[in-house]
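*Asks:* One line per chain: the protein sequences are A and B, in this order.
Residue numbers for the first sequence follow numbering that gives the first Met the number 0, beginning at 0 and rising by one.
Residue numbers for the second sequence follow numbering that gives the first Met the number 0, beginning at 0 and rising by one.
This structure is in structure tokens; I'll ask about it shortly.
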Amino acid sequence: MLPLMPYLVAVALMFVTGLGCLMIKRDMVRILIGIEIMFNAANLLFISLSTQAAGFIDPFPHSVVMMALVLDGTVIAVGLAMVMNVYKHYKTIDVRKLRRLRW
Amino acid sequence: MVASEFISQGFQLPLPLMILLFGGLIAPIIGLLKERVKIPRIQEAWMVLVAVADLASVYLLYQEVKALPGEVLVMVLWGQSPPLGGCFEIDMLSVFMCGSIAVLGLLVAVYSVSYMERESRLTEFYTLVTFMMAGMTGIALAGDFFTLFIFWELMGLSSYVLVAFLKRSWGPIEAGFKYLAMSAAAGAFLLMSMAVLYGMTGTLNFALIAASLRVETVTPWMMLLFSCMIIGFGVKSAIVPLHTWLPDAHPEAPSPISALLSGIVIETGLYGLTRVLYLTFDPGFFQLPVAVLAVLTMSLANVLALLQTDIKRMLAYSSIAQIGYMLVGLSAGTVVGMQGLFLHVFNHSLMKGLAFLASGSLVHVAHTRDIDELKGVGRVMPLTSLALFVAFLGLGGVPSTSGFVSKFILFNSAIGVGLWWLAVLGVLNSAFSMAYYLRVMKNLVAEPSDRVKGLKEAPLPMVAVSVAMAVLIIIFGVWPQATADFAKKAAEALVANLDTYIRVILG
């Protein structure tokens with residue numbers, strides 16, 4: 000059984016990093032990277048928890064993480080396609096220039 | 000038999016889900032066929048056919064679930080038998096949600112036939128609509144958190160692209176990216192809550208989670224789990240601090256999609272929240288936070304709706320307010336509260352669907368979304384405007400429309416558990432909301448301007464759908480017995496028959 004605490008600290012750091020990246024970055028691609036970091040923090044939590052069952056490594060979280068990786072990959076792909084369309088209209092991918100809709 | 004078993008794997012899919020997934024996969028081939036062979040309207044015909052088959056299969060599913068002793072049907076999705084692998088666990092609540100999705104899906108499919116006829120890329124449009132319905136149906140039927148998550152992302156992905164569908168102008172693109180960024184971040188929160196749940200119970204199966212967690216005392220982990228869930232589901236269902244994407248995304252989408260998004264997608268988010276919160280926590284634990292969120296949601300949304308000049312944007316804010324009323328039922332947490340919640344989900348899907356479709360017809364004909372510029376349109380488009388009036392009266396909760404019945408049950412349930420202030424605030428908000436509906440109604444019947452005078456009534460399928468929905472709203476308002484009983488059964492499946500739900504899996 001691996002010690003859990005270092006992994007929990009890493010997960011918390013990654014999640015906060017991703018959330019901060021989502022909130023303060025101006026570049027749309029970096030926002031998508033922030034989302035990716037948040038997903039990966041959750042995946043890491045799954046994997047580290049899978050070692051905590053007594054005597055064996057639970058295969059169930061691994062299968063969940065496999066599917067979750069595919070899902071967030073597709074979300075990011077759609078996001079990147081939208082960034083391309085934004086670039087066509089605005090000639091920039093700075094998210095603060097997208098102010099034409101009232102927030 | 001409602002499910003078909005795939006050869007040798009023990010892999011079952013419920014029939015409504017199979018029809019929608021199959022329909023979505025065939026739709027691109029149909030599109031190709033249309034380009035090569037030039038059969039007119041074959042894509043529209045396929046979409047309507049899929050929607051009708053979906054509605055019929057939901058009825059078959061209802062019959063099968065009703066015939067079972069505990070009214071719970073379990074289907075193995077992948078891998079081993081349910082506690083270890085994924086599964087669909089179908090009770091009356093799932094059937095109720097599937098029914099709401101199928102009814103609104105069919106009406107929207109018929110409406111789209113003439114609304115979208117001048118658009119290009121119809122193949123993508125119908126494929127995505129079918130997959131969005133498949134995602135919602137899958138969420139309603141899921142029996143474990145992981146299956147729910149997969150269909151959650153399917154619904155999300157299709158709706159991101161559909162919001163940004165009219166990509167030649169800047170509005171939809173900007174709204175689509177905002178929706179995607181917020182919803183994807185919420186998806187990460189949802190995955191986080193799944194991981195925490197797994198750490199606490201060692202499983203993601205709903206029945207096992209309910210069996211092992213509901214009795215526990217409050218720990219810091221429970222608080223973390225609760226906040227992750229509220230954020231994860233709350234963004235999709237537009238609970239107020241997390242609602243900012245909705246007033247942009249819903250108006251910018253094509254009108255049939257606005258109707259689907261406001262009418263049923265955000266309610267599916269609320270269904271997920273209700274199901275998971277109720278299975279994970281004791282109702283006493285989440286009563287107060289959800290009540291506060293409900294008050295915030297309905298008050299803020301009603302005030303902001305009053306300030307809007309764009310009719311579709313006003314309707315989007317009104318959707319957020321309706322989510323607030325539904326949260327009243329969740330915070331009550333009793334059978335009556337849940338009955339009100341799910342009855343309002345169904346009624347709201349018809350009313351808000353109609354409001355978006357009818358105002359979509361106005362926009363389609365008059366080419367403006369500004370409420371003041373629509374002055375007098377009611378006199379040149381009488382049928383559409385009459386239907387819109389019925390929808391507005393229903394949303395405001397006027398007696399003899401279906402909105403009154405469900406709101407009455409909702410506020411009653413809040414009084415039933417002693418939350419007087421919540422019921423009073425709800426009624427006040429409901430009365431206040433009439434202000435902005437009446438403003439639009441007054442504008443519609445005013446003296447028409449020159450700009451409006453030459454306009455004609457919308458095409459026949461659009462008018463027919465609007466009028467049919469208006470008639471349904473009145474019917475369910477005057478004779479609410481059938482829908483109210485079905486909603487009560489759905490609520491009992493969630494609240495009173497929780498033991499059956501658990502025992503079916505545990506054996």
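Note that the Cβ used here is the ideal one computed from N, Cα and C, for glycine as well.
Anything in chain B within Cβ reach of A:T73, meaning under 7 Å, just list it in chain order.
*Replies:* By 1-based counting over the first sequence, the position of residue 73 of chain A is 74. Neighbours of A:T73 in chain B, taken as residues whose beta carbon is under 7 Å from its own, are L156 in chain order.
*Asks:* Name, please, each residue of chain A whose Cβ falls closer than 7 Å to the Cβ of B:V160.
*Replies:* By 1-based counting over the second sequence, the position of residue 160 of chain B is 161. Result: V77.
*Asks:* According to DSSP, is B:L497 part of a helix, a strand, or is it coil?
*Replies:* As a first step, residue 497 of chain B is located in the second sequence; it is residue number 498 there, counting from the start. The answer is helix: DSSP assigns B:L497 an H, G or I state.
*Asks:* Helix, strand or coil: which one does DSSP assign to B:E43?
*Replies:* Taking the first residue of the second sequence as 1, we reach residue 43 of chain B at position 44. Helix, per DSSP.
*Asks:* If I measure Cβ to Cβ from A:F14 and keep anything under 7 Å in the same chain, skipping five residues before and after, which residues do I get?
*Replies:* Position 15 of the first sequence, counting from 1, holds the residue named residue 14 of chain A. The answer, listed in chain order, is M37 and A40.
*Asks:* Among B:F164, B:G336 and B:L19, which has the Cα closest to the Cα of A:M81?
*Replies:* By 1-based counting over the first sequence, the position of residue 81 of chain A is 82. A:M81 has its Cα closest to that of B:F164, out of B:F164, B:G336 and B:L19.
*Asks:* Write down every uninterrupted run of the beta strand (DSSP E) in the region 220 to 255 of chain B whose length is 3 residues or greater and which is fully enclosed by it, in chain order.
*Replies:* Counting whole runs of 3 or more residues, the region 220 to 255 of chain B contains no beta strand (DSSP E) stretch at all.
*Asks:* Once the 5 residues before and after B:A490 are set aside, which same chain residues still bring their CB inside 7 Å of it?
*Replies:* Residue 490 of chain B sits at position 491 when you count from the first residue of the second sequence. Excluding positions up to five away in sequence, the list reads V334, M337, Q338 and F341.
*Asks:* Helix, strand or coil: how does DSSP classify A:G78 here?
*Replies:* As a working mapping, residue 78 of chain A is identified with position 79 in the first sequence. Of the three classes helix, strand and coil, the one that applies to A:G78 here is helix, per DSSP.
*Asks:* Is DSSP giving B:I89 helix, strand or coil here?
*Replies:* The count along the second sequence starts at 1 and reaches residue 89 of chain B at position 90. Residue state, collapsed to three classes: strand.
*Asks:* Indicate the three-state DSSP secondary structure (helix, strand or coil) for B:A163 in the structure shown.
*Replies:* The sequence position of residue 163 of chain B within the second sequence is 164, counting from 1. Coil, per DSSP.
*Asks:* Where are the alpha helix (DSSP H) runs, 4 residues long or more, that stay fully inside the region 134 to 164 of chain B, in chain order?
*Replies:* 144 to 162
*Asks:* Within 8 Å of any Cβ in chain B, is that where the Cβ of A:M81 sits?
*Replies:* Taking the first sequence and counting its residues from 1, the one referred to as residue 81 of chain A is at position 82. It does: the Cβ of A:M81 has a partner Cβ on chain B nearer than 8 Å.
*Asks:* For a contact defined as C-beta to C-beta under 8 Å, what are the partners of A:V85 on chain B?
*Replies:* Locating residue 85 of chain A in the first sequence gives position 86, counting from the first residue. Residues of chain B passing the Cβ test: I172, E173 and F176.
*Asks:* What would DSSP say about B:M74, mapped onto helix, strand or coil?
*Replies:* Stepping through the second sequence from its first residue, residue 74 of chain B is reached at position 75. Here B:M74 sits in strand by DSSP.
*Asks:* Would you decide whether B:I38 is buried or exposed? Buried here means 16 or more other CB atoms lie within 10 Å of its CB.
*Replies:* Within the second sequence, numbered from 1, the residue matching residue 38 of chain B stands at position 39. Exposed, because fewer than 16 other Cβ atoms sit within 10 Å of the Cβ of B:I38.
*Asks:* Secondary structure at A:D51, three-state DSSP: helix, strand or coil?
*Replies:* The count along the first sequence starts at 1 and reaches residue 51 of chain A at position 52. According to the sequence as given, residue 51 of chain A is Gln; it is not Asp. A:Q51 falls in the coil class under three-state DSSP.
*Asks:* What whole-angstrom Cβ distance do B:L60 and B:I89 have, given they're in contact under 8 Å?
*Replies:* What you label residue 60 of chain B is simply residue 61 of the second sequence in a count that begins at 1. What you label residue 89 of chain B is simply residue 90 of the second sequence in a count that begins at 1. Sure, about 7 Å apart at Cβ, within 8 Å.
*Asks:* At least one CB of chain B closer than 8 Å to the CB of A:H88: is that the case?
*Replies:* Taking the first sequence and counting its residues from 1, the one referred to as residue 88 of chain A is at position 89. Judged by the 8 Å Cβ criterion, A:H88 is in contact with chain B.
*Asks:* Quick one, are the C-beta atoms of B:S432 and B:N301 less than 8 Å apart?
*Replies:* For the purposes of this step, residue 432 of chain B is taken as the residue at position 433 of the second sequence. For the purposes of this step, residue 301 of chain B is taken as the residue at position 302 of the second sequence. When the beta-carbon positions are compared, B:S432 and B:N301 come within less than 8 Å of each other.
*Asks:* Along the chain, where does the alpha helix (DSSP H) containing B:D371 start, and where does it finish?
*Replies:* By 1-based counting over the second sequence, the position of residue 371 of chain B is 372. No alpha helix (DSSP H) contains B:D371, which DSSP labels as neither H nor E.
*Asks:* Can you tell me where the alpha helix (DSSP H) with B:K441 in it begins and where it stops?
*Replies:* Position 442 of the second sequence, counted from the first residue, corresponds to residue 441 of chain B. For B:K441, the enclosing alpha helix (DSSP H) begins and ends at W419 to L443.
*Asks:* Using a Cβ-Cβ cut-off of 8 Å, state whether A:A67 counts as contacting chain B.
*Replies:* Within the first sequence, the letter at position 68 stands for residue 67 of chain A. Closer than 8 Å to some Cβ of chain B, the Cβ of A:A67 qualifies, so yes.
*Asks:* Please go through the same chain and pick out, in chain order, the residues whose beta-carbon is closer than 7 Å to the beta-carbon of B:T482, but skip the five residues on each side of it.
*Replies:* On the second sequence, residue 482 of chain B is found 483 positions in, with the first residue counted as 1. L342, F345 and F475.
*Asks:* Taking 8 Å as the CB-CB limit, is A:L1 close to chain B?
*Replies:* Within the first sequence, numbered from 1, the residue matching residue 1 of chain A stands at position 2. Taking Cβ atoms only, chain B never reaches closer than 8 Å to A:L1, which makes this a no.
*Asks:* When burial is assigned at 16 or more other CB atoms within 10 Å of the CB, is B:A304 buried or exposed?
*Replies:* Counting from one through the second sequence, the residue named residue 304 of chain B turns up at place 305. By the neighbour-count definition (other C-beta atoms within 10 Å, threshold 16), B:A304 is a buried residue.
*Asks:* Can B:L103 and B:A252 be called in contact, C-beta distance under 8 Å?
*Replies:* If you number the second sequence from 1, residue 103 of chain B lands on position 104. If you number the second sequence from 1, residue 252 of chain B lands on position 253. Cβ atoms of B:L103 and B:A252: not closer than 8 Å.
*Asks:* Return no unless some Cβ of chain B is closer than 8 Å to the Cβ of A:M27.
*Replies:* For this step, residue 27 of chain A is matched to residue 28 along the first sequence. It does; some Cβ of chain B falls within 8 Å.
*Asks:* For chain B, is any of its Cβ atoms less than 8 Å away from the one on A:V63?
*Replies:* For the purposes of this step, residue 63 of chain A is taken as residue 64 along the first sequence, with counting starting at 1. The beta carbon of A:V63 sits closer than 8 Å to some beta carbon of chain B.
*Asks:* Quick check on B:F205 - is its C-beta less than 8 Å from some C-beta in chain A?
*Replies:* Here residue 205 of chain B refers to the residue found at position 206 of the second sequence. No, no contact with chain A.
*Asks:* Taking Cβ-Cβ distances shorter than 7 Å, what residues in chain B pair up with A:L12?
*Replies:* Within the first sequence, residue 12 of chain A is the residue found at index 13, counting from 1. Neighbours of A:L12 on chain B: none; closest Cβ ~14 Å, over 7 Å.
*Asks:* Could you tell me which chain B residues have their CB closer than 7 Å to the CB of A:F38, listed as they occur along the chain?
*Replies:* For this step, residue 38 of chain A is matched to residue 39 along the first sequence. Neighbours of A:F38 across chain B, judged by C-beta separation under 7 Å: A187 and L190.
*Asks:* Considering only residues of the same chain and omitting the five flanking positions on each side of A:M83, which have a CB-CB separation below 6 Å?
*Replies:* Here residue 83 of chain A refers to the residue found at position 84 of the first sequence. Nothing listed; no residue qualifies.
*Asks:* Can A:N42 and A:V64 be called in contact, C-beta distance under 8 Å?
*Replies:* In the first sequence, residue 42 of chain A corresponds to position 43, counting from 1. In the first sequence, residue 64 of chain A corresponds to position 65, counting from 1. The answer is yes: Cβ separation under 8 Å.
*Asks:* Pull up the DSSP beta-bridge partners for B:N204, would you.
*Replies:* On the second sequence, position 205 is the one that residue 204 of chain B refers to. DSSP output for B:N204 lists B:D143 as bridge partner(s).
*Asks:* Within 10 angstroms of the Cβ of B:S113, are there 16 or more other Cβ atoms? Answer buried if so, exposed if not.
*Replies:* Reading the second sequence from its first residue, position 114 is the one you call residue 113 of chain B. Buried is the call here.
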